[in-house]
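S.K.: This is the structure I want to talk about, given as structure tokens.
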Amino acid sequence: MTASSALVLPEELAQPGRRARRRLRSPVIWLSFVIMAGVLVMAIFGALLAPQNPATQHLAIVTAPPSGAHWLGTDALGRDVFSRVIAGARTAFFGPLVIAAASFLLGNLLGLFAGYRGGLADSLIMRWVDFMWSLPALVILVVVAGTVGSSYWLAVAVLIVLTVPFDTRVIRGATLEQMPRPYVEAAKTLGVPRWKIMLFHVWPNVSPVAVANTCLVFAGSLVTLAGLEFLGLGLPPGTPDWGLMLSQNEALLFTNPLATIAPGVMIVLTAIAMNLIGDWLYEQLTSRGAVR
Amino acid sequence: MTGRGMLVFILRRLVVLAVLLVAISFVTFSLLYISPGNLIDILLGARPHTAATVRALTREYHLNKPFLEQYWLWARQAVQLRFGTSIQTSLSVTSEITARLPLTLFLGIYSFILTMVFGIGLGVASALGRGNVVDRGITGAVMLGLSTPAFVAAVALLYVFAIRVRWFPAYGVGSGFFNELWHLTLPALALAVTTVAYVVRHTRAAMIGTLDQDYVVFARARGLSRSRVLFVYLLRNALIPVITISGVILSSLIVGVVLVEVAFSLPGLGSLLVTAATSKDLPVLQGVVLLFAVVIVVANLLADVIYMVVDPRIRVGERSS
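Those sequence lines, one after another, are chains A and B.
Once you know that position 59 of the first sequence is 60 in the numbering used here, the rest is easy, because the numbers rise by one and skip nothing.
Once you know that position 258 of the second sequence is 242 in the numbering used here, the rest is easy, because the numbers rise by one and skip nothing.
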């Protein structure tokens, strides 16, 4: 502290923001968890929670503004927007969940392997990762949908392939940091099998990064999948889905803007909540790791 | 020595680039065969299935030749920027692309400029006021920007600035430079939301890292003016990470162009790609994909070269390893 403070510029000596931010953080993170819990409940129970059937068309009250019966109004076919927003949580939640989980598994294995082995295996994996990393995911999804046909789960599968490099790179970096540590050397000297060192010695130390990263992957793939739905290249047209609602209700901006804005707000809120949870988890887990 | 090392580096990267382009073109060509269903039916689209049309199609796509020869013939045409004819419009793919390219380029460059100006400006402001209200505001906005996809931003901007307050038009591309600028401001802003957030985050981190460097403290101690320290000593180093993430910025812009053009109904390359995908217009799809791929691959090479030119430390590292 004393050695470094001599070099610190005067205006940085006092950091009033730091304490303020910590105070601010707890309600924000609390809110993020509440949002994610809400989305999870909506994703599991879906239409059961909705006040009305999200698919029922009331052609007499097309594009109605919000009212007591329809809290967010109705869309161009007279369907209840509020119910559709609730039902839309399902496709927004489970696809990204599968992507995050699969990419967590594969990315951690590949990253640990590349970081631990080094050499040719590492540089081959990293070349591949660098290449995949420069690909615009959504464009690939559009091309796949255009060639093979639109399918939600196909898009999820393709996104897993495109996301694994992201996890791999992060885990590999974290593993490389662990490699020169004495405990790795000690385990090697004791003759612990390589896979055991990787999984039971090194991995627990890189896991904070892995877990935090998975939250970012979830948020990222939520946004990408919603983009694909927005382009109309994922789910069939009638499905309640936030991205799809946004594009189908865009023409309603003049009459019932909430029908477009509500699903957009849901996408952004869920993505922000997940990103914030990721940051928070990282801080929590690394500060605990430092004590260990 | 550095000059030669640089040349070797560029030559090596050019070889990698050539290999990549061949691989990408091969995958792009194979799209025809990956697509399920009868290839002739796909290529015919809505045209009648008669002996004459089938014969013409077989000749045009060399369907009676072996697969690799077909690829070779296709690639030779693609190098001359000929990708066949659109199934939907029966115009040549090249003319479809060139008709829409200017709009997409305009939009892309516009939002690239916005990204750099706002991204670096806000990043520097945020780093200099580390911890204060401005910094916290910017950090919060960055989180919002990173989580807001371009199409949500597009709809939000459309609603606020074209419908509630009518500062900007809700649709159309305009004619003449300034009119076009006015029409494309909302799309460019929507496109820049994510990239600005990204650049701010990296500039801020890099600036904070440089602020603590001894040479900056020493420059201040020598009594150099604030602006000289900022522009000559800090900014040059802080800009290096921005070059490193240029690949991500580019691919984010390409993804954004697709979404924003669809959201604002702009007739550009992005909406062409989506129309081609929706209608299974494979020749158009191939043309646009190949164009995007070439742009990405070449831009990544350029970024690497610029990186080496700007940062001498990289060159030294390259030589010693």
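Idealized CB from N, CA, C, for every residue including glycine.
These figures come from a predicted structure and were not determined experimentally.
1) What residue from B:Glu53, B:Met100 and B:Ala109 has the CA that sits closest to Ile320 of chain B's CA?
2) Quick one: is Gln64 of chain B buried, meaning 16 or more other Cβ sit within 10 Å of its Cβ, or exposed?
3) Can you tell me whether Ala87 of chain A is buried or exposed, with buried defined as 16 or more other CB within 10 angstroms of its CB?
4) Below 9 angstroms between beta carbons: does that hold for Thr92 of chain A and Tyr153 of chain A?
5) Answer yes or no: does any C-beta atom of chain B fall closer than 9 angstroms to that of Asn54 of chain A?
6) Which residue comes first and which comes last in the alpha helix (DSSP H) that contains Arg150 of chain B?
7) Between the stretch 227 to 238 of chain B and chain A, which residues of the former have CB atoms less than 7 angstroms from a CB of the latter, in chain order?
8) Strictly below 8 angstroms CB to CB, what residues from chain B border Ile262 of chain A?
9) Assuming contact is defined by CB atoms lying nearer than 9 angstroms, are Asp119 of chain B and Ala109 of chain B in contact in what I supplied?
10) Looking at the C-beta of Ile100 of chain A, does it have a partner C-beta in chain B at a distance below 9 angstroms?
11) Could you tell me whether the Cβ of Ala260 of chain B comes closer than 9 angstroms to any Cβ of chain A?
12) To the nearest angstrom, report how far apart Gly119 of chain A and Arg182 of chain A are at their CA atoms.
13) Could you check whether the stretch 98 to 108 of chain A touches the stretch 258 to 266 of chain A, counting it as contact only if at least three pairs of C-beta atoms, one from each stretch, sit closer than 8 angstroms?
14) I'd like the span of the alpha helix (DSSP H) that includes Pro205 of chain A, first residue to last.
15) Out of A:Val185, A:Leu282 and A:Trp129, state which residue places its alpha-carbon closest to the alpha-carbon of Pro209 of chain A.
16) Can you check whether the CB of Ala138 of chain A is closer than 9 angstroms to the CB of Leu160 of chain A?
17) Rounded to the nearest angstrom, what separates Gln249 of chain A and Thr262 of chain B at their Cα positions?
18) Mind reading off the beta-carbon distance from Val232 of chain B to Tyr182 of chain B? Whole number of angstroms is fine, and I expect it under 8 angstroms.
19) Taking the runs of the alpha helix (DSSP H) that are 4 residues or longer, which of them lie wholly in the stretch 45 to 114 of chain B?
20) Restricting to runs no shorter than 3 residues, where is the beta strand (DSSP E) found entirely within the stretch 105 to 132 of chain A?
21) With contact counted as at least three CB pairs below 8 angstroms, one residue from each stretch, are the stretch 95 to 103 of chain A and the stretch 211 to 227 of chain A in contact?
22) Alpha carbon to alpha carbon, how far is Tyr155 of chain B from Ala56 of chain A?
23) I want to see whether chain B comes within less than 9 angstroms of Pro66 of chain A, judged by CB atoms only; does it?
24) Would you kindly work out how many angstroms separate the C-alpha atoms of Phe67 of chain B and Met43 of chain A, rounded to a whole number?
25) Excluding the 5 residues flanking Ala77 of chain A on each side, which residues of the same chain have their C-beta closer than 8 angstroms to its C-beta?
26) Using 10 angstroms around the beta-carbon of Pro241 of chain A, count the other beta-carbons present and answer buried if the total reaches 16, otherwise exposed.
27) With a CB to CB cut of under 8 angstroms and the five nearest residues on each side skipped, what residues in its chain are close to Thr78 of chain B?
28) Nearest to Phe(-7) of chain B by alpha carbon, out of B:Ser131, B:Ala83, B:Asp295 and B:Val289?
29) So, at 6 angstroms on beta carbons, what are the nonlocal neighbours of Ile71 of chain B in its own chain, with the 5 sequence-adjacent residues on each side left out?
30) Return helix, strand or coil for Asp81 of chain A, following the three-state DSSP convention.
31) What residues in the stretch -13 to 18 of chain B have a beta carbon less than 7 angstroms from any beta carbon of chain A?
32) Would Trp196 of chain A be called buried (16 or more neighbouring beta carbons within 10 Å of its own) or exposed?
33) Helix or strand or just coil, what does DSSP make of Thr34 of chain B?
34) Using a 10 Å radius around the Cβ and a threshold of 16 neighbouring Cβ atoms, would you call Ile93 of chain B buried or exposed?
35) List the residues that DSSP assigns as beta-bridge partners of Thr75 of chain A.
36) Give a yes or no on whether 9 angstroms exceeds the smallest Cβ distance from Asn48 of chain B to chain A.
M.R.: Here's the rundown:
1) Nothing about residue 320 of chain B can be read from this structure; chain B reaches only from -15 to 305.
2) exposed
3) Sequence check: residue 87 of chain A is Ile here, not Ala. Burial call: buried.
4) yes
5) no
6) Unbroken run through Arg150 of chain B: none, as it is neither H nor E.
7) Gly231, Ser235 and Ile238
8) Val139, Ala140 and Tyr143
9) yes
10) no
11) yes
12) 16 angstroms
13) no
14) Trp204 to Phe231
15) A:Leu282
16) yes
17) 15 angstroms
18) 7 angstroms
19) 51 to 63 and 77 to 112
20) none
21) yes
22) 31 angstroms
23) no
24) 47 angstroms
25) Val63, Thr64, Gln249, Asn250, Ala252 and Leu253
26) buried
27) Leu65, Arg66, Phe67 and Gly271
28) B:Val289
29) Gly29 and Asp265
30) strand
31) Leu15 and Ile18
32) exposed
33) coil
34) exposed
35) A:Asp81
36) no
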